[in-house]
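A short worksheet on the structure shown next.
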């Protein structure tokens, strides 16, 4: 018989590079595919969303000014750190989603590959989206892509990890910052991914991850006056 205390993991929000508990103090219960209790993730509140948007706004200018090379390096670093924790993410996807191990491994592999893919796009966006436009006059006319600012996103329920990365990566590679609501039913991989972000040289506030209910958070996201895109 072991005398060790069972150390349970506390799943928090990820705002401005830190892991705060929700301001509301509310949580909700998630269970495994077999109905076994797993954890009580946070039910994010309107105040939590506000804090995340404030952090994203403060970080946006600096992130937008970072070189394309630097953005690509950071995205690649996220992929490296995710690869190093592959086993943990596979186990969480199997536990919560009830996926087979092979399907979970494929999702993690696809997630790493997706991050590498977007890392490669970081220094190609301007040349492919921009243009030197032909004009009838003694001047030049350029089309130059610009970031939008603070973007809100809602990750799909499944796949919980790959869907989250598909929501985050294309937003930040263009110089935007993001506030994303993770899968309600399977938020574990999202909050573990926040731990990856925290150790991947991502500036605080560039990526903010909330957990909670879509029917509560989505209307607040859509009506927030300091969110530039949804």
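Residue numbers (the numbering used here): 5 to 234.
For every residue, glycine included, the Cβ atom is placed at its ideal position computed from N, Cα and C.
Out of the options, point me to the one whose CA is closest to residue i's CA.
{"i": "residue 161", "options": "137, 148, 187, 139", "result": "187"}
{"i": "residue 208", "options": "64, 12, 218, 52", "result": "64"}
{"i": "residue 54", "options": "106, 205, 10, 19", "result": "19"}
{"i": "residue 205", "options": "141, 174, 234, 83", "result": "83"}
{"i": "residue 173", "options": "142, 210, 147", "result": "210"}
{"i": "residue 56", "options": "24, 89, 201", "result": "24"}
In whole angstroms, what separates the C-alpha of residue i from that of residue j?
{"i": "residue 198", "j": "residue 22", "result": "9 angstroms"}
{"i": "residue 191", "j": "residue 44", "result": "10 angstroms"}
{"i": "residue 178", "j": "residue 130", "result": "9 angstroms"}
{"i": "residue 145", "j": "residue 132", "result": "16 angstroms"}
{"i": "residue 93", "j": "residue 193", "result": "6 angstroms"}
{"i": "residue 62", "j": "residue 228", "result": "16 angstroms"}
{"i": "residue 183", "j": "residue 91", "result": "27 angstroms"}
{"i": "residue 107", "j": "residue 126", "result": "29 angstroms"}
{"i": "residue 140", "j": "residue 152", "result": "30 angstroms"}
With DSSP as the reference, label residue i as helix, strand or coil.
{"i": "residue 9", "result": "coil"}
{"i": "residue 197", "result": "helix"}
{"i": "residue 233", "result": "strand"}
{"i": "residue 135", "result": "strand"}
{"i": "residue 113", "result": "helix"}
{"i": "residue 47", "result": "coil"}
Among all the DSSP beta bridges, which residues are the ones paired with residue i?
{"i": "residue 157", "result": "184"}
{"i": "residue 35", "result": "41"}
{"i": "residue 19", "result": "22"}
{"i": "residue 97", "result": "DSSP, once it has assigned bridges, lists no residue as partnering residue 97."}
{"i": "residue 147", "result": "135"}
Tell me whether the stretch 166 to 176 and the stretch 97 to 116 touch, counting them as touching only if at least three CB pairs, one residue from each stretch, are closer than 8 angstroms. yes
Kindly confirm or deny that the stretch 78 to 89 and the stretch 148 to 161 touch, where touching means at least three C-beta pairs closer than 8 angstroms. no
Validate contact between the stretch 214 to 229 and the stretch 40 to 56 using beta carbons, cut 8 angstroms, 3 pairs: yes
Measuring CB atoms only, is the stretch 223 to 232 touching the stretch 32 to 40, in the sense that at least three cross pairs come out at less than 8 angstroms? no
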